[in-house]
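My numbering applies: residue 804 is where the sequence shown begins, and numbers increase by one.
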Amino acid sequence: MFQLEPIAALATAPGIGAIAVIRVSGEGAIAITSRIFRGKELTRQESHTAHFGTIRHANGSIIDEVLVTVFRAPKSFTKEDVVEISCHGSEFIIQQILRRLTQEGVRLARPGEFTQRAFLNGQFDLVQAEAVADLIASDSEASHRAALTQLRGGFSRQLKELRQQLIDFVALVELELDFGEEDVEFAHRDRLRQLMIDIRRVLHPLIDSFSTGNAIKNGVPTVIVGKPNAGKSTLLNALLNEEKAIVSDIPGTTRDVIEDELFINGIRFRLIDTAGLRQATDQIEAIGIERTQQKMRDAALVVYLFDGSSTTADELTQTQTELQQAGKPYLLVGNKADLMTDAQRASIDHSFNEENIVWIAARDQRIDELKAALSARARTDAAMQTGSAVVTNARHYEHLTATDEALVRAIHGLDSQVTPDWLAMDLRVALQHLGELTGEITTDDLLDSIFSKFCIGK
Ligand SMILES: Nc1nc2c(ncn2[C@@H]2O[C@H](COP(=O)(O)OP(=O)(O)OP(=O)(O)O)[C@@H](O)[C@H]2O)c(=O)[nH]1
Ligand SMILES: [Mg+2]
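See below:
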């Protein structure tokens, strides 16, 4: 296996820790480490073995006691010779060891360079390489699950196979071109159409999953709306457990949108408190209400909060109709349950027997039922539930949609019996996008832009 020049970097987080790991990869990694290590001769050790010893300055004085693990090509992360030096987690020791390595001809690694080598040596495809970065950055159960699914092959394996079949067809279509005027058809049109339909069937759930993917990465945008004084700001504060928004009994207190993040059962929500909906009394309030409406349009979920002690069932029915017309998923949440009698509550529940109303008392922190309802809503999203592949990356999304558009054009071309050269052109576009997606087609610029977003040592 071809190996590139040796590189090294700290693989663990910078700062003080019990142990730090320095990774060395590339041609001569084992021999070079052996030169600065006193213990067993590393070049004679088997792959996947760990050895205790010391790292020394050129003059023989000890820098640290370490444990060195040897991985021989191609059975390593990068598929090159790799050595991992576990030393004590001191900034000073780490710098000394890295300096010793560079004195012996090792270069300091660029961000993502280990993963880039692993990709170039065929350890995994581009989607999986990008999943490594996502996995490191994952900060919730949902984002962790999405990254792990991608790392383990996710959607790219399936797309690669379909792309291969499409390549075979394109070759046949292009063969037809060689016969110019003669009316020959090597590529079976019905089978080609079926293949394109099959590919689109794989693409669509992935394209649709992007909004879920976005929600996993950036939080489910959840907007709290309702009439003034319903208790929206009180609810935001209760959920966040901090006095984020001003609360008062003056209707129209909140004028602007207030946002913050919250994790509920491993799902990230982006909560948005808004100005109460009513006929505005001044210009500033009018702007605030316009913003509320904009946030409602952008949200994935609308929490409609009403004051249960002063809202009639008829008013609520009217609100419900409006929410249904807006076409957004919503939750009806009755606040100030503490001010209501059981009979009052039962009467509203009764007129809404088809739909559950979540009852809370935001001021008293009685909001558990709402928390459960929020996470249940997010989890009913099929992709989050089953752990099926979810597209979280805008680059993937763009290639998926571009592939789909090219296939639509090609199918349309088949229907109107375009000439093989037109057909071949659209198919080539689809192949190009599929190839760039999985990394079968790459450019240096693309790789640099992807891997430079990684951290050093990865
Ligand atoms: N009794 C009772 N009062 C509540 C409850 N939640 C909120 N309030 C009171 O209702 C009043 C209005 O609360 P806010 O949170 O400011 O209402 P809002 O919906 O943000 O109002 P605007 O910002 O004006 O649209 C305040 O006096 C709160 O203390 C509750 O669960 N029970
Ligand atoms: Mg408010």
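Each residue gets a CB set at the ideal place from its N, CA and C atoms; glycine is no exception.
Looking at the backbone, the Cα of Phe972 and that of Ile1000 are separated by about 14 Å.
The alpha-carbon separation between Gln931 and Gln919 amounts to approximately 11 Å. Nearest neighbour of His1007 by Cα position, chosen from Val1232, Glu1201 and Ala812, turns out to be Glu1201.
Taking a 10 Å sphere around the C-beta of Leu1134, we find 16 or more other C-beta atoms and assign the residue as buried. By DSSP's assignment, His854 forms a beta bridge with Val871. With the rule of 3 Cβ pairs closer than 8 Å, the segment 938-949 counts as touching the segment 1052-1071. Residues Val976, Glu979 and Leu980 of the same chain have their beta carbon placed closer than 6 Å to that of Pro1223, with the five preceding and five following residues left out of the count.
Fewer than three pairs of CB atoms, one per stretch, sit closer than 8 Å, so the segment 1147-1155 makes no contact with the segment 1165-1184. For Val930, the enclosing alpha helix (DSSP H) stretches over residues Leu929 to Ala940. Within the chosen limit of 7 Å, ligand 1 does not reach the beta carbon of Arg1003 with any heavy atom. For Ile810, the closest alpha carbon among the candidates Phe1254, Thr905 and Arg994 is that of Thr905.
Nearest to Leu1104 by C-alpha distance, out of Gln961, Val909 and Thr1183, is Thr1183. Here the distance from the Cβ of Ser946 to the nearest heavy atom of ligand 1 is not below 7 Å.
Between Gly1111 and Ile1259, the alpha-carbon positions lie close to 54 Å from each other.
Boundaries of the beta strand (DSSP E) harbouring Asp1063: Ile1061 to Ile1067, taken from the DSSP string. The beta carbon of Gln899 sits closer than 6 Å to the beta carbons of Ile866 from its chain, once the five residues preceding and following it are set aside; these are given in chain order. Counting C-beta pairs closer than 8 Å gives fewer than three between the segment 1070-1087 and the segment 987-1005, which falls short of the contact rule.
DSSP places Val973 in the helix class (H, G or I) of the three-state scheme. The way I'd put it, the segment 951-960 doesn't touch the segment 1073-1088; fewer than three beta-carbon pairs between them come closer than 8 Å. At a Cβ-Cβ threshold of 8 Å, Met1099 and Val1028 count as neighbours. Residue state for Val1232 is assigned as helix, using DSSP reduced to three classes.
Taking the Cα of Val871 as reference, the smallest distance to any Cα among Gly1216, His854 and Thr1120 is reached at His854.
In the three-state scheme derived from DSSP, where H, G and I count as helix and E and B as strand, Asn1138 is classed as strand. In this structure, DSSP gives His891 an extended state, which the three-state scheme calls strand. In the structure shown, Phe917 adopts helical secondary structure according to DSSP, grouped into three states. Listed in chain order, the non-local C-beta contacts of Ala816 below 8 Å within the same chain number zero, local neighbours out to five positions each way being set aside. Taking all protein chains in view, the Cβ of Ile858 is crowded by 16 or more other Cβ atoms within 10 Å, so the residue is classified as buried. Unbroken alpha helix (DSSP H) runs of no fewer than 4 residues, entirely contained in the segment 1058-1130, are found at 1086-1101 and 1116-1129, following chain order. Annotation for Ile825: the continuous beta strand (DSSP E) segment containing it runs Gly820 to Ser828. Assignment of beta-bridge partners to Phe840 by DSSP yields Ile858.
Excluding five sequence positions before and after Leu807, the CB atoms of its chain that fall closer than 6 Å to its own CB belong to Gly829, given in chain order. The continuous alpha helix (DSSP H) containing Ile1019 extends over residues Arg992 to Asn1021. Of all C-beta pairs linking the segment 891-898 to the segment 1231-1242, fewer than three are shorter than 8 Å, placing the two stretches out of contact.
Here DSSP, grouped into helix, strand and coil, assigns Ile1027 to strand.
Ligand 2 has no heavy atom closer than 7 Å to the beta-carbon of Ser1178.
The three-state reading of DSSP puts Ala814 in coil, since its state is none of H, G, I, E or B.
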